[in-house]
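Peer 1:
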Amino acid sequence: MLRQGSKSNHYTYPLLFKACSALAAIETGDQLHAHVFKLGFHADLYIGNSLIDMYAKCFRAMDARRVFDEMLGRWVSVFVDVNAIPVNVMLSTALIDMHSKCGDVSEARRVFDLVSDKTSLASWNSMITGLGALELGREVHLYLGRSEMDMNMKLATAIVDMYSKCGSIDDAYLVFVKAHEKDVALWNAMIFGLVEQGRYNFKKLVSRYQLRLKIEHYSCMVDLLGRAGCLDEAFELMWKGFEIGGGQGNEEDIRAQLG
1 MLRQGSKSNH YTYPLLFKAC SALAAIETGD QLHAHVFKLG FHADLYIGNS
51 LIDMYAKCFR AMDARRVFDE MLGRWVSVFV DVNAIPVNVM LSTALIDMHS
101 KCGDVSEARR VFDLVSDKTS LASWNSMITG LGALELGREV HLYLGRSEMD
151 MNMKLATAIV DMYSKCGSID DAYLVFVKAH EKDVALWNAM IFGLVEQGRY
201 NFKKLVSRYQ LRLKIEHYSC MVDLLGRAGC LDEAFELMWK GFEIGGGQGN
251 EEDIRAQLG
């Protein structure tokens with residue numbers, strides 16, 4: 001296109017950055033970024049969004065944050081009141097999504113706090129799923145309730161998954177029960193949350209209570225894993241149960257759990 005004399009514009013580069021992220025061609029993306037800077041297009045909002053999205057998807061957090069801060073700095077120079085800065089939703093979504101997937105909850109929260117219209121964020125699911133702190137997760141959940149956002153199945157699934165990972169299975173179950181509709185993903189999130197809680201309690205029998213496990217304990221756990229579809233883990237635990245029981249006892253019962 002350039003060889004033929006056609007001029008590029010701010011609509012051209014977002015597509016190129018998207019292609020770079022899809023192909024993980026970050027070196028080409030860096031070259032395009034430098035080219036955009038030379039042309040003076042780096043101040044364009046759409047190009048800035050696509051740059052952040054590319055760096056985020058290629059796990060270049062520092063570069064994504066640098067582009068974000070540069071754009072935020074330009075907004076500050078335009079708006080006298082910092083609190084009135086209209087932080088772009090698309091841009092913020094890309095950053096929140098990146099920080100959440102990288103496990104950097106504090107940075108995800110910092111960007112989240114800058115957004116004035118939080119109901120329009122498209123990365124709620126990624127942010128909630130990435131949260132590993134129960135108190136912060138509850139705070140986000142409460143915000144969703146206060147803002148009267150539509151609790152769709154994807155959002156409910158993310159919240160159930162978050163509570164399950166934080167070990168708060170009761171909260172996860174309440175969200176699950178209150179969901180008006182339940183798809184396969186939501187059911188799976190709840191089931192695997194219960195399985196994770198079962199694993200935790202099973203290990204706690206030994207680590208905290210120093211209980212000597214019997215084949216009946218293994219039988220219950222094998223049943224739980226089998227019903228959740230974790231067959232490899234269930235078989236492994238089943239044979240361990242046989243070894244603990246010396247190959248005797250309720251072998252038929254424990255086999256029946258996987259029948």
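Residue numbers (the UniProt record's numbering): 1 to 259.
For each residue, glycine too, the CB sits at the ideal point set by N, CA and C.
1) Counting only the same chain and skipping the five closest in sequence on each side, list residues whose C-beta sits under 6 Å from that of residue 26.
2) Quick check: what's the CA-CA separation for residue 29 versus residue 207?
3) Got a sec, what are the start and stop residues for the alpha helix (DSSP H) residue 220 sits in?
4) Can you tell me whether DSSP reads residue 168 as helix, strand or coil?
5) So, helix, strand or coil for residue 50, using DSSP?
6) Locate the alpha helix (DSSP H) running through residue 200, then write down its first and last residues.
7) Does DSSP put residue 113 in a helix, in a strand, or in coil?
8) At which residues does the alpha helix (DSSP H) containing residue 211 begin and terminate?
9) Helix, strand or coil: how does DSSP classify residue 10 here?
10) Helix, strand or coil: which one does DSSP assign to residue 181?
11) Tell me which residue opens and which closes the alpha helix (DSSP H) that residue 34 is part of.
12) With 16 as the cutoff for other CB atoms within 10 Å, does residue 165 come out buried or exposed?
13) In angstroms with no decimal places, state the Cα-to-Cα distance between residue 75 and residue 142.
14) What are the boundary residues of the alpha helix (DSSP H) that residue 235 is part of?
15) Look up residue 62 in the DSSP assignment and say whether it is helix, strand or coil.
16) Where does residue 21 sit, in a helix, a strand or coil, going by DSSP?
17) Ignore the nearest five residues each way along the sequence and tell me which others in residue 205's own chain have a CB closer than 8 Å to its CB.
18) If you draw a straight line from the C-alpha of residue 70 to the C-alpha of residue 184, how long is it?
19) Are residue 221 and residue 202 closer than 7 Å when you measure CB to CB?
20) For residue 151, which three-state DSSP category applies?
21) Let me check understanding here. Comparing Cα to Cα, which of 199, 196 and 155 lies closest to residue 178?
22) Name the residue from 168, 153, 10 and 111 whose alpha carbon lies nearest to the alpha carbon of residue 137.
Peer 2: Result, derived from the coordinates:
1) 58
2) 50 Å
3) 215–227
4) coil
5) helix
6) 184–207
7) helix
8) No alpha helix (DSSP H) contains residue 211, which DSSP labels as neither H nor E.
9) coil
10) coil
11) 26–39
12) buried
13) Bear in mind that the predicted position of residue 75 carries a pLDDT of just 49, short of 50, making it unreliable; the figure below should be weighed with that in mind. Whole-angstrom Cα-Cα distance: 30 Å.
14) 231–244
15) helix
16) helix
17) 211, 213 and 217
18) 42 Å
19) yes
20) coil
21) 155
22) 168
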